[in-house]
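Below is one structure; the comments refer to it alone.
2 protein chains.
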Amino acid sequence: MTANRGRGQRAGLTRQAILRAAVRLADQEGLTALSMRRIAAELGVEAMTLYHHVPNKNALLDGIVEQLVSETTPPPTASSWQESLRAYAHAFLATLTAHPNLIALVATRPATTPHNLRTMEAMLESLRSAGFELTRAHDVVRSLAAFVLGHAAAHPDLAPDCPPVDAGSYPLFFAAVATSDAASRFDFALEALLHGFAAALTAAPSGGRPGAAREAGSGVRQDCAGPG
Amino acid sequence: MTANRGRGQRAGLTRQAILRAAVRLADQEGLTALSMRRIAAELGVEAMTLYHHVPNKNALLDGIVEQLVSETTPPPTASSWQESLRAYAHAFLATLTAHPNLIALVATRPATTPHNLRTMEAMLESLRSAGFELTRAHDVVRSLAAFVLGHAAAHPDLAPDCPPVDAGSYPLFFAAVATSDAASRFDFALEALLHGFAAALTAAPSGGRPGAAREAGSGVRQDCAGPG
DNA sequence: TGACGATTCTTATGGCGTAAGAATAGCGTG
DNA sequence: CACGCTATTCTTACGCCATAAGAATCGTCA
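Next comes the structure, spelled out in structure tokens:
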């Protein structure tokens with residue numbers, strides 16, 4: 711792994727190569743292993759060398775998230791807006807569960823890549839042509855992304871080992887946990903959410919906002935988060 | 711803040727006091743300020759002193775999460791299961807938005823406190839008596855918690871500053887963002903989710919699991935996450 | 001050939017979690 | 001009251017971290 715190299719001898723480093731090494735390292739050894747020194751070692755290079763391709767560690771983490779969300783590409787064969795949202799949700803979840811150690815990162819740092827924005831724009835168009843008012847369409851997509859993220863973050867495979875639940879004190883929970891399955895829970899809740907969105911669409915003439923929702927104040931800060 | 715104290719002179723430290731100081735520090739200065747040295751300094755004490763009340767930093771972080779989720783106490787005046795879930799969702803969201811710097815912590819570490827388990831048990835009972843099959847009731851509560859967590863994590867106030875979106879390339883997103891409001895989005899998606907849960911309840915005779923859902927394998931690990 | 005810019009390594013600073021151990025205060029027992 | 005015990009606190013030290021500053025080396029182009 712670590713080549714013996716002179717002082718100015720190129721190692722062929724690239725931002726992309728660094729990000730890919732970082733993702734691989736985090737996948738294999740967890741977020742805590744993700745140090746500049748460790749990534750550099752993985753690439754056969756000293757830590758400071760990375761700083762010629764990445765301004766600092768925070769930017770590197772942002773790059774990792776961008777790298778990840780760019781993997782989320784739902785198949786474009788969407789016959790309905792429901793199908794489109796379903797496909798997006800599953801694709802996003804697949805990306806997250808493929809890199810469980812990085813879910814916390816994705817949850818923390820919004821990524822606004824062109825890829826992300828294009829996906830968002832396409833889904834907004836799909837929802838709008840289905841009758842959703844634009845702001846509502848945006849709400850739908852963002853809510854869906856938040857739901858997927860929350861589900862992935864709460865996935866039990868991520869939880870550290872924890873004390874067993876007292877069956878006597880909490881009989882219902884104890885019994886429920888035994889038959890619980892995260893994947894079917896996700897599908898169930900996703901269908902519920904889609905069902906609710908559809909109901910909102912038919913309830914209001916233009917998928918509108920039932921309660922004369924509060925308008926965003928003029929001092930509101932720019933909201934930059936993409937779907938992921 | 712830092713008292714001059716001799717070597718064996720008590721500072722009156724307590725696990726509770728430490729946790730409270732840690733929460734306050736994180737609220738004021740962010741997660742990165744949450745170091746053992748920094749917390750200790752806040753209490754007028756050396757870092758190693760904390761280790762007599764808390765085994766290590768991870769346990770301290772777990773303690774913080776327990777502290778937080780114990781704040782989530784929805785009012786017990788629930789006329790329906792929908793009202794009960796709504797109250798819980800709003801209470802949980804209020805807790806999270808009251809400590810935005812700690813959302814990442816709550817998302818990462820499941821807390822299984824007695825307080826949490828009691829809340830879970832009560833909600834399971836409420837849903838079961840409304841007609842939900844037990845496993846479905848569990849799915850409902852867990853999905854709701856995941857949704858709230860995801861929404862809080864994706865809340866734009868947490869996002870670091872980011873480049874403005876190109877209005878020309880992404881006109882729909884650009885227009886939608888301008889009128890977006892996280893609070894109304896939350897209410898909208900929450901109602902959609904509740905609507906979908908209600909639909910699942912009336913669709914199946916016992917709120918059952920429509921697709922002959924996959925049973926949890928026998929080798930499945932104990933699922934310990936509470937609602938928060 | 002010689003200068004230059006890009007890339008890499010070296011060294012150093014201040015902060016982190018925490019292991020090991022020394023010192024002290026207060027308390028219960030004689 | 002004296003004595004030792006235990007809980008609490010401080011001190012020191014180790015290996016890790018991000019990264020600032022600068023020296024060494026390469027390929028390239030004049």
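Chains as they are written, first to last, in the working numbering: chain A, 711 to 938; chain B, 711 to 938.
All C-beta atoms in this analysis are idealised placements derived from N, C-alpha and C, irrespective of residue type, glycine included.
Are the beta-carbon atoms belonging to L735 (chain A) and A750 (chain A) less than 8 angstroms from one another? Between L735 (chain A) and A750 (chain A), the C-beta spacing is not below 8 angstroms.
Under 8 angstroms between C-beta atoms, does P810 (chain B) make it to chain A? Put simply, the CB of P810 (chain B) is far from chain A, with every gap to its CB atoms at 8 angstroms or more.
Let me confirm a value: D772 (chain B) is counted as buried when at least 16 other C-beta atoms fall within 10 Å, else exposed. Which label applies? Buried, by the Cβ-count rule.
Distance between D897 (chain A) and D849 (chain B) (C-alpha atoms, nearest Å): D849 (chain B) and D897 (chain A) have their C-alpha atoms roughly 10 angstroms apart.
Is there a Cβ of chain A sitting closer than 8 angstroms to that of E793 (chain B), yes or no? Cβ-Cβ to chain A under 8 angstroms: no for E793 (chain B).
Check A926 (chain A) in the structure and name its three-state DSSP category. With a pLDDT of only 40 at A926 (chain A), under the threshold of 50, the placement of this residue in the model should not be trusted; the figure read from the coordinates follows. Here A926 (chain A) sits in coil by DSSP.
Is there a C-beta anywhere in chain B that falls below 8 angstroms from the one on D737 (chain A)? Answer no: the Cβ-Cβ gap between D737 (chain A) and chain B never drops below 8 angstroms.
Would S890 (chain B) pass as an interface residue toward chain A - the criterion being a Cβ-Cβ separation below 8 angstroms? Chain A contact via Cβ: present.
Using a cut-off of 8 angstroms between C-beta atoms, extract the partners of R852 (chain B) located in chain A. Here the neighbours are A864, S890 and R895.
Return the Cβ separation of Y880 (chain A) and E831 (chain B) in integer angstroms, given the expectation that the two are a contact with Cβ distance under 8 angstroms. So it is a contact: roughly 5 angstroms between Cβ atoms.
Would you say L744 (chain A) lies against chain B (beta-carbon separation less than 8 angstroms)? Chain B, which has no Cβ nearer than 8 angstroms to the Cβ of L744 (chain A), makes this no.
Is it the case that the segment 763-771 of chain A contacts the segment 780-798 of chain A, given that we only count it when at least three CB pairs across the two stretches are under 8 angstroms? They do not touch, by the three-pair rule.
Kindly indicate if chain A contains any beta-carbon less than 8 angstroms away from that of G860 (chain B). Interface flag for G860 (chain B) against chain A is set, since a Cβ pair is found closer than 8 angstroms.
Which same chain residues, not among the five before or five after R819 (chain A), have their C-beta less than 6 angstroms away from its C-beta? Residues of the same chain with a CB within less than 6 angstroms of the CB of R819 (chain A), apart from the 5 flanking positions on each side, are D772 and V775 in chain order.
Taking C-beta pairs closer than 8 angstroms, name the residues in chain A that Y761 (chain B) reaches, listed in chain order. None at all; the shortest Cβ gap to chain A is about 20 angstroms.
Would you say F907 (chain B) faces chain A, with C-beta separation under 8 angstroms as the test? Closer than 8 angstroms: yes.
Status (buried if at least 16 other CB within 10 Å, exposed otherwise) for S745 (chain A): Looking at its Cβ environment, which holds fewer than 16 other Cβ atoms inside 10 Å, S745 (chain A) is exposed.
Could you list which residues in chain B have their beta carbon closer than 7 angstroms to that of P785 (chain A), in chain order? Under the 7 angstroms cutoff, chain B gives no residues; its nearest Cβ is about 21 angstroms from P785 (chain A).
Would you check if there are 3 or more beta carbon pairs closer than 8 angstroms linking the segment 873-890 of chain A to the segment 821-838 of chain A? Touching, no, given that fewer than three Cβ pairs across the two stretches are closer than 8 angstroms.
Using beta-carbon positions only, say whether A856 (chain A) and F884 (chain B) come within less than 8 angstroms of one another. 8 angstroms or more divides the Cβ of A856 (chain A) from the Cβ of F884 (chain B).
According to DSSP, is R919 (chain B) part of a helix, a strand, or is it coil? The pLDDT assigned to R919 (chain B) is 49, lower than 50, so where the model puts this residue is not dependable; a value taken from the coordinates is nonetheless given after this. Correct three-state label for R919 (chain B): coil.
For G917 (chain B), which residues from the same chain have a beta carbon less than 6 angstroms from its beta carbon, with the 5 sequence-adjacent residues on both sides left out? With a pLDDT of 46 at G917 (chain B), under the threshold of 50, the predicted position of this residue should be treated as unreliable, though the coordinate-derived value follows. In its chain, beyond the 5 residues on either side, G841, F842, E843, R846 and L911 have a beta carbon closer than 6 angstroms to the beta carbon of G917 (chain B).
Nearest by alpha-carbon distance to G860 (chain A): which of A:P873, A:A814 and A:A877 is it? Comparing Cα positions, the closest option is A:A814.
Assuming T787 (chain A) contacts T805 (chain A) under a Cβ cut-off of 8 angstroms, what Cβ separation, rounded to an integer in Å, is found between them? Going by Cβ atoms, the distance from T787 (chain A) to T805 (chain A) rounds to 19 angstroms, so no, they are not a contact pair.
Inter-residue spacing [alpha-carbon to alpha-carbon] between S839 (chain B) and S894 (chain B): Taking the Cα positions, S839 (chain B) is about 30 angstroms away from S894 (chain B).
Helix, strand or coil for N811 (chain B)? Go by DSSP, reduced to three states. In this structure, N811 (chain B) counts as helix in the three-state DSSP scheme.
C-alpha gap between Y798 (chain B) and A862 (chain A), whole angstroms: Approximately 21 angstroms between the Cα atoms of the pair.
Give the straight-line distance between the Cα atoms of L827 (chain A) and G878 (chain B), rounded to the nearest whole angstrom. Cα to Cα, L827 (chain A) sits roughly 12 angstroms from G878 (chain B).
Rounded to whole angstroms, what's the CA-CA distance from L854 (chain B) to R725 (chain A)? Just pull it up for me. The alpha-carbon of L854 (chain B) is positioned some 39 angstroms away from that of R725 (chain A).
Taking the CB atoms as reference points, tell me whether H905 (chain B) and G906 (chain A) lie closer together than 8 angstroms. Against a cut-off of 8 angstroms, the Cβ pair of G906 (chain A) and H905 (chain B) comes out as a contact.
First through last residue of the alpha helix (DSSP H) which encompasses S836 (chain A): Where S836 (chain A) is concerned, the enclosing alpha helix (DSSP H) stretches over P824 to S839.
Outcome for Q777 (chain A) when other beta-carbon atoms lying within 10 angstroms are tallied against a minimum of 16: With 16 or more other CB atoms across the displayed protein chains lying within 10 angstroms of its CB, Q777 (chain A) is buried.
Compute the Euclidean distance between the alpha carbons of P784 (chain B) and R796 (chain B), then round it to the nearest angstrom. It is roughly 9 angstroms from the alpha-carbon of P784 (chain B) to the alpha-carbon of R796 (chain B).
Within 8 angstroms, strictly: CB atoms of E756 (chain A) and A731 (chain A): No, they are not a contact pair.
C-alpha gap between M758 (chain B) and V816 (chain A), whole angstroms: One C-alpha to the other measures close to 33 angstroms.
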